[in-house]
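*Asks:* Start counting at 1 in the sequence shown, then tack on 530, and there's your number in the numbering used here.
From the three backbone atoms N, C-alpha and C, an ideal C-beta is built for every residue, glycine too.
All values reported here derive from a predicted model rather than from experimental measurement.
This is the structure I have questions about; it appears just below.
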Amino acid sequence: MKNFNEEELKKIFKELVEIHSPSLKEKEVAKHIIKFLENIGAEIYLDESQDTYGGNCPTIFAHIKGEGQGVTFSAHMDVVEPNKNVKIVEEEKIIRTDGSTTLGGDDKAGLATVLYAIKYLKENKIAHRDIYCIFTPGEEAGMLGAQNINWKEVYKNINPAKNMIVVDNAGPSCHVAYQAPCASNYFLKAYGKTSHAGINPEAGINAIKILAETISKIKLGRIDEITTANISEIHCDFPTNVVPDYAYCHGEMRSHKKEKLEQYLSEFEKIGKESAKKYGGKFEIEKEFVYPPLTSKDDLKFAKEFQKIYADMGIDADLQIIGGGSDANFFAEEGFNSIIIGAGMEKVHTKEEYVVIEEFIKAAKAIIKYLTEF
531 MKNFNEEELK KIFKELVEIH SPSLKEKEVA KHIIKFLENI GAEIYLDESQ
581 DTYGGNCPTI FAHIKGEGQG VTFSAHMDVV EPNKNVKIVE EEKIIRTDGS
631 TTLGGDDKAG LATVLYAIKY LKENKIAHRD IYCIFTPGEE AGMLGAQNIN
681 WKEVYKNINP AKNMIVVDNA GPSCHVAYQA PCASNYFLKA YGKTSHAGIN
731 PEAGINAIKI LAETISKIKL GRIDEITTAN ISEIHCDFPT NVVPDYAYCH
781 GEMRSHKKEK LEQYLSEFEK IGKESAKKYG GKFEIEKEFV YPPLTSKDDL
831 KFAKEFQKIY ADMGIDADLQ IIGGGSDANF FAEEGFNSII IGAGMEKVHT
881 KEEYVVIEEF IKAAKAIIKY LTEF
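Set out below in structure tokens:
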């Protein structure tokens, strides 16, 4: 690719990494990105919804005027801690830290590929598609930026293209995800009756027993081909000489179909109530819907278009169904037709995190190629 500057791409990435931006404290990196975008002539709109969830940074919307059918890029500005005072180590094939912090390649590698691609097109005066960007805060804290966007106000100021590329997939750049599950947290709550465990245990109803029997009967792990469930916390805090009257467990369920979540959580509730009735206690389930599903809105047409970009580069790209949630899920709920691509991020959320330079470069080149073919 003529005039492609690998060192400039890495420089943009390193500058982002050096700015500490944990979840809900992304203000400084946002300032850096806004200045970068303004310097290349982007139209900027800031969604100031951060007060609704305790953040300090707006969601950045940008428009770089082009030709033909537009596309929207998204990446998130926050990183997983510990990430303060990152010491970058560049080796022949990877960029990592000294091992004392996370790198923040998730998702600053994604940010860098998009920013460099736009700068490259502008500096080389290359015709390109209409480009929109949405850079969010709070993704690692539960997609808080994406799910709290005031879309009514956004559309008064900017109208992003509905085909969207979210640059936030782990692994090789050529992983193109088009489907991801919805998720719900749940609390299973068992209620019994207290009594002295040594003097009069017969008068008590042990909540742990109700909860334990419920857990033993519900389905956990991979429930079916598209649904998983897990329990990660069990809690009951009573002295050993007291029959406990309350115990709960906390878990999550994910499925590629929302109706499956509702079906299995209803089954959990039925089993819990049967267990409680058996011992004379009570049972409740508390459900908290976390994020909606991501699905293709055009029968994979857009995903296959981007897959072909890689094929034309001599790269065998695979279309993926993934098991995790991201900003793309909330954008899908808003009507965006989203795919998620990688930027070479590996071992994310750990101090061993690194970015594979070759994959990082491939992602930037694929973005440029897509933007110039219309």
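Suppose contacts are defined by Cβ-Cβ distances below 8 angstroms. Is Y840 in contact with A896 by that definition?
*Replies:* Cβ distance < 8 angstroms, so Y840 and A896 count as in contact.
*Asks:* Tell me which residue opens and which closes the beta strand (DSSP E) that V616 is part of.
*Replies:* V616 -> no beta strand (DSSP E), and no H or E assigned at all.
*Asks:* Less than 8 angstroms between C-beta atoms, sequence neighbours within five positions excluded: which residues of the same chain meet that for H562?
*Replies:* Around H562: E545, L546 and I549.
*Asks:* Between L824, V601, E835 and D698, which lies nearest to P863 when the distance is taken from Cα to Cα?
*Replies:* Pro is not the amino acid found at residue 863; the sequence shown has Glu there. When only C-alpha atoms are compared, the closest one is L824.
*Asks:* Buried or exposed: Y685, going by 16 or more other Cβ atoms within 10 Å of its Cβ?
*Replies:* Answer is exposed; the Cβ neighbour count stays below 16.
*Asks:* When burial is assigned at 16 or more other CB atoms within 10 Å of the CB, is P667 buried or exposed?
*Replies:* Under this definition P667 is a buried residue.
*Asks:* For N715, is the classification buried or exposed, using 16 other Cβ atoms within 10 angstroms of its Cβ as the cut-off for buried?
*Replies:* Exposed, since its Cβ has fewer than 16 Cβ neighbours within 10 Å.
*Asks:* What are the boundary residues of the beta strand (DSSP E) that includes V773?
*Replies:* No beta strand (DSSP E) contains V773, which DSSP labels as neither H nor E.
*Asks:* In this structure, what does DSSP give as the bridge partners for S868?
*Replies:* DSSP output for S868 lists M694 as bridge partner(s).
*Asks:* Please report how far the alpha carbon of F566 lies from the alpha carbon of P702, in whole angstroms.
*Replies:* For F566 and P702, the distance between alpha carbons rounds to 27 angstroms.
*Asks:* Do three or more CB pairs link the segment 580 to 595 to the segment 668 to 678 at distances below 8 angstroms?
*Replies:* The segment 580 to 595 vs the segment 668 to 678: in contact.
*Asks:* Note the first and the last residue of the continuous beta strand (DSSP E) segment covering L718.
*Replies:* C712 to Y721 is the extent of the beta strand (DSSP E) around L718.
*Asks:* Could you please give the first and the last residue of the uninterrupted beta strand (DSSP E) stretch that includes F491?
*Replies:* There is no way to answer for residue 491, as the model of the chain reaches only from 531 to 904.
*Asks:* Could you pull the DSSP bridge partners for M783 from this structure?
*Replies:* Answer by DSSP bridge pairing, in chain order: S714 and A759.
*Asks:* Compute the distance between the beta-carbons of F836 and I887, then report whether it is under 8 angstroms.
*Replies:* The answer is no: Cβ separation not under 8 angstroms.
*Asks:* Return the first residue and the last residue of the beta strand (DSSP E) that Y583 is part of.
*Replies:* Per DSSP, Y583 belongs to no beta strand (DSSP E) and is neither H nor E.
*Asks:* Do L651 and I898 come within 8 angstroms of each other at the CB atom, strictly closer than that value?
*Replies:* Yes, Cβ-Cβ distance for I898 and L651 is below 8 angstroms.
*Asks:* Check whether the Cβ atoms of I738 and C766 lie closer than 8 angstroms to each other.
*Replies:* In contact: I738 and C766 (Cβ atoms closer than 8 angstroms).
*Asks:* Let me know if G571 comes out buried or exposed under the rule of 16 or more other beta-carbons within 10 Å of its beta-carbon.
*Replies:* So G571 ends up on the exposed side.
*Asks:* Which residue marks the beginning of the alpha helix (DSSP H) containing H606, and which one marks its end?
*Replies:* Not the alpha helix (DSSP H): H606 falls in the beta strand (DSSP E), residues E597 to H606.
*Asks:* Which word fits A806, buried or exposed, when buried means at least 16 other C-beta atoms lie within 10 angstroms of its C-beta?
*Replies:* The residue in question, A806, is buried, as its Cβ has 16 or more Cβ neighbours within 10 Å.
*Asks:* Quick one, are the C-beta atoms of Y721 and G811 less than 8 angstroms apart?
*Replies:* Yes, the pair counts as a contact, with Cβ atoms nearer than the cut-off.
*Asks:* Run through DSSP, which three-state label would F543 get?
*Replies:* Three-state DSSP puts F543 in a helix.
*Asks:* Take the Cβ of I679 as the centre, count every other Cβ of all protein chains shown within 10 Å, and call the residue buried at 16 or more, exposed below.
*Replies:* When all chains shown are included, I679 counts as buried.
*Asks:* Taking 8 angstroms as the threshold, find out whether the segment 551 to 561 comes into contact with the segment 601 to 618 through three or more Cβ pairs.
*Replies:* Because the criterion of three Cβ pairs below 8 angstroms is met, the segment 551 to 561 and the segment 601 to 618 touch.
*Asks:* Taking just the CA atoms, how far does F861 sit from A713?
*Replies:* Their backbone Cα atoms lie some 15 angstroms apart in a straight line.
*Asks:* Quick check on the DSSP output: the beta strand (DSSP E) that includes F819 runs from which residue to which?
*Replies:* Segment K812 to Y821, the beta strand (DSSP E) holding F819.
*Asks:* Do N693 and G872 have their C-beta atoms closer together than 8 angstroms?
*Replies:* No, Cβ-Cβ distance for N693 and G872 is not below 8 angstroms.
*Asks:* Quick one: Cα of S630 to Cα of N615, how far?
*Replies:* Each residue's Cα considered, the two are about 9 angstroms apart.
*Asks:* Taking the DSSP output, what are the residues bridged to V665?
*Replies:* In the sequence on display, residue 665 carries Phe and not Val. Bridge partners of F665: I590 and A605.
*Asks:* Assign I729 to buried or exposed, taking buried as 16 or more other Cβ atoms, counted over all protein chains shown, within 10 Å of its Cβ.
*Replies:* It is exposed - the Cβ of I729 has fewer than 16 other Cβ atoms within 10 Å.
*Asks:* Hey, how far is the Cα of A691 from the Cα of R659?
*Replies:* The straight-line gap from Cα to Cα measures roughly 11 angstroms.
*Asks:* Near V878, which residues of its chain fall below 6 angstroms by C-beta distance, leaving aside the five closest residues on each side in sequence?
*Replies:* Only D636 and A700 meet the Cβ criterion.
*Asks:* Would you mind sorting P731 into buried or exposed? The rule is 16 or more other CB atoms within 10 Å of its CB.
*Replies:* The residue in question, P731, is exposed, as its Cβ has fewer than 16 Cβ neighbours within 10 Å.
*Asks:* May I ask you to report which of helix, strand or coil DSSP gives A707?
*Replies:* Note: A707 maps to strand in three-state DSSP.
*Asks:* Per DSSP, P552 is paired with what?
*Replies:* DSSP, once it has assigned bridges, lists V609 as partnering P552.
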